Amino acid sequence: MTLNPRYFVGIPVALAGLLSACSPNPMVLQDRVSTVRPVVVPPRVSTPAPAVKPELNSSSEVVIPKKPVVSVAPKPKPVAPVVPTEVISAAPPVPEPVEVLTPKAYPSSPAVKALMKTADAEAVAGNFDKAADTLERALRIESDNPDIWLKLAKINERQGNREQAANMLSKAKTYQEQLN
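Note that UniProt numbering has the sequence shown beginning at 1, numbered continuously upward.
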């Protein structure tokens with residue numbers, strides 16, 4: 001027996017109809033549907049006494065017993081809940097702290113950090129030429145690192161190259177501004 005696709009056309013239709021009955025109604029907004037209903041308490045009403053049948057006397061007079069006085073309790077008035085209010089005193093406005101922009105540090109690679117340490121050690125020892133050479137090697141690795149340019153500017157200033165130091169200082173400021 002071969003399977004005929006005609007018979008399978010009805011299965012998706014039947015499943016869609018069955019599953020659509022289980023889905024929520026998209027026309028009903030869930031935030032407007034409330035499962036909690038307010039409790040309504042009926043007012044207290046005393047039940048009336050059962051009707052008493054008039055009795056007959058021996059003298060054929062009808063005696064109607066007196067009805068007891070039934071009082072109906074007044075309906076309680078709904079009491080609105082008392083919400084305590086807060087007393088807010090007028091305090092002087094607190095000034096918001098001013099955000100201080102700290103210059104961001106350039107994320108240097110370990111190789112550049114090692115070269116900068118070596119250059120610092122050479123500069124402390126008074127070997128400014130070796131320190132400048134080491135910093136120039138670091139610049140070949142990270143040419144946009146403002147810290148390297150700044151250290152190289154300081155070394156050039158100590159060597160007496162003020163014009164070259166000023167150019168390097170301006171490059172350091174430019175790269176620092178790009179970081180921020």
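Just so you know, even glycine gets a beta-carbon here, dropped at the ideal spot from N, CA and C.
Model, not experiment: these values are computed from the prediction.
Residue of the options minimising C-alpha distance to residue i
{"i": "LYS113", "options": "ILE148, ALA16, ALA125", "result": "ILE148"}
{"i": "THR118", "options": "GLN176, PRO107, ALA138, SER108", "result": "ALA138"}
{"i": "ALA123", "options": "GLU157, ILE11, ARG44, LYS104", "result": "GLU157"}
{"i": "LYS104", "options": "ILE11, GLY160, GLN176", "result": "GLN176"}
Neighbour-count burial assignment, residue i, 16 or more Cβ in a 10 Å radius
{"i": "ILE155", "result": "buried"}
{"i": "GLU163", "result": "exposed"}
{"i": "LEU15", "result": "exposed"}
Between the CA atoms of residue j and residue i - distance to the nearest angstrom
{"i": "LEU135", "j": "ASN180", "result": "23 Å"}
{"i": "ALA172", "j": "ASP144", "result": "8 Å"}
{"i": "ARG140", "j": "GLN178", "result": "19 Å"}
{"i": "PRO146", "j": "ALA111", "result": "16 Å"}
{"i": "ASN127", "j": "PRO95", "result": "51 Å"}
{"i": "ASN161", "j": "PRO93", "result": "53 Å"}
{"i": "THR174", "j": "MET116", "result": "20 Å"}
{"i": "ASP120", "j": "LYS130", "result": "10 Å"}
{"i": "MET168", "j": "TYR106", "result": "17 Å"}
Short Cβ contact (8 Å threshold) for residue i with residue j
{"i": "SER170", "j": "GLU142", "result": "no"}
{"i": "LEU152", "j": "ALA132", "result": "yes"}
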